[in-house]
Structure formats: structure tokens, C-alpha cells
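Using the working numbering, the first residue of the sequence shown is number 534, and each one after it goes up by one. Even for Gly, the Cβ is constructed at its ideal location relative to N, Cα and C. Note that the structure is predicted; figures quoted are calculated from it, not measured. Scroll down for the structure; my scribbles are underneath it.
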Amino acid sequence: MENTDSMETMDNRTRLLQCANELFYEKGYDAVGVQEIVARAGLTKPTLYYYFGSKKGLLEALIAERFELLRGMYRELDERSRRKDLRIEEALHWLADIFCGFFEQDRHFYMLMMALFYSARGNEAYQAIQPYMVEFYDMVVRVFDRAADQLGNMNGRQRQFAIGFVGTISSYFLLHYEHDPAEQEKVDRQQISALVRQFMYGIFS
Numbered sequence: 534m535e536n537t538d539s540m541e542t543m544d545n546r547t548r549l550l551q552c553a554n555e556l557f558y559e560k561g562y563d564a565v566g567v568q569e570i571v572a573r574a575g576l577t578k579p580t581l582y583y584y585f586g587s588k589k590g591l592l593e594a595l596i597a598e599r600f601e602l603l604r605g606m607y608r609e610l611d612e613r614s615r616r617k618d619l620r621i622e623e624a625l626h627w628l629a630d631i632f633c634g635f636f637e638q639d640r641h642f643y644m645l646m647m648a649l650f651y652s653a654r655g656n657e658a659y660q661a662i663q664p665y666m667v668e669f670y671d672m673v674v675r676v677f678d679r680a681a682d683q684l685g686n687m688n689g690r691q692r693q694f695a696i697g698f699v700g701t702i703s704s705y706f707l708l709h710y711e712h713d714p715a716e717q718e719k720v721d722r723q724q725i726s727a728l729v730r731q732f733m734y735g736i737f738s
């Protein structure tokens, strides 16, 4: 949790988003109540309802705000991937670097995003994250779509390759960092590059 001085510099809306992000990551969306969020933020329930209307509204605002950061990081790659001379190797290394940067910006939210997507389909948390996760995967699919002429074995498997790529990078984040909570949150780019090369070997073989 952020220290008191840091929290005091935030406006009320930002403070609620930050505390919700921490608590949802620590305990899971369903296990956290409005009272616990406002207590951590040092605010009141009416303040939360004023800004977000409900706990679900708070989650939706959190997702929308954090996901916009990923969109911004991806836009340059999306433009460059339209070039015919951009090799798939370069695009995937760049894409992996975007995911690393997003993870480093907000490790808790990245992990929360993945966890919510694997929650029960009728859960309101899943319903909140689902369209964003579709967009997340579609970002990766577009990279493979535009490299179809470089991959003779593509054969309509762009989405399959995208799922494999996201799974590879996200599994690294989860398994490498979660075993040691004290570990620094900077991503080892050399290990990530090695994973991308390994992935490339698999799809070219």
C-alpha cells in the first residue's frame, strides 16, 4: 500500500482508484467491499458513490483508465506494423517490450487484468474486463495478420499464435515475479528477448 504522504497528494478519485487496484489485486474483486476500499483511502462511501456509482463502476473506471495506457503504448507499433518492411521478429520484440513497460508501470493491474479474465463468466468483474481483453488479444492478432506473407505456415492461425505469444509473456511475469514478492519489478529484458526468440523458433519450425 502506498505510504500516507503519497496518498495525501492524490485527489479523492485517484486515491479510490489506487486503493481499489491494490485491494482487488491482493484479495480478488469479489472479496473486497466498498467499506474496505474507502477505509484504506481514508474516505467515505458517499465519496465513492459520487465518483463511481458502485463498486462495479469503480472497477470499470479503473480498467478504462489503466487500459488507455496500453493503447497509447501500442499505437506506434500499430502504425509501424503497417509497413511492408517491418519483420515479424522486430515487431514481436517491440510488442514484448510494450508488455514489459505496461507491467512495470502497474504490475498489480496487469496481474488483476489477467485474473479477472479467468473468473466466472457470469461474474460482473469478468463482464467488465472481457471487451478489453478481446481488444488486448486483437492488438497481437493484428501484428500476425500483417506478417502473414512472412510466415508460410500461418494458414489462418493468427489468433492461435497471438494466444501463444500473450501466454508466453504473461506466464513469465506471473511465474518469475510472484514467487518472490520482494523482487524488483523491473523486467529482465534479456530473458524476455530469449523467450521471444524461442517463440519465433516455434512458429517458423
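C-alpha gap between residue i and residue j, whole angstroms
i, j, result
"L595", "Y562", "12 Å"
"V567", "D544", "18 Å"
"L696", "E612", "For the record, residue 696 in the displayed sequence is Ile; it is not Leu. Cα to Cα, the separation comes out at about 21 Å."
"Y665", "L645", "13 Å"
"S587", "F732", "42 Å"
"F669", "A727", "23 Å"
"L625", "R692", "14 Å"
"G655", "D639", "27 Å"
"C633", "V720", "6 Å"
"D682", "Y734", "17 Å"
"I621", "D630", "14 Å"
"L549", "F600", "17 Å"
"I662", "A553", "15 Å"
First and last residue of the uninterrupted alpha helix (DSSP H) at residue i
i, result
"T577", "Careful: T577 lies outside any alpha helix (DSSP H) and carries neither H nor E."
"D563", "Where D563 is concerned, there is no enclosing alpha helix (DSSP H), given that its DSSP letter is neither H nor E."
"V667", "E657 to D678"
"M543", "Element bounds for M543: n/a, residue is neither H nor E."
"Y651", "First-last for Y651: undefined, no H or E at that position."
"K719", "It is not in any alpha helix (DSSP H) - K719 carries neither H nor E in the DSSP assignment."
"D630", "I621 to Q638"
"L602", "K588 to R613"
Integer-rounded CB distance, given that residue j should sit under 8 Å from residue i
i, j, result
"Y643", "F585", "The Cβ separation is near 22 Å, so there is no contact."
"L739", "F635", "Lying before the first or after the last residue shown, residue 739 is absent from the chain, which here runs from 534 to 738."
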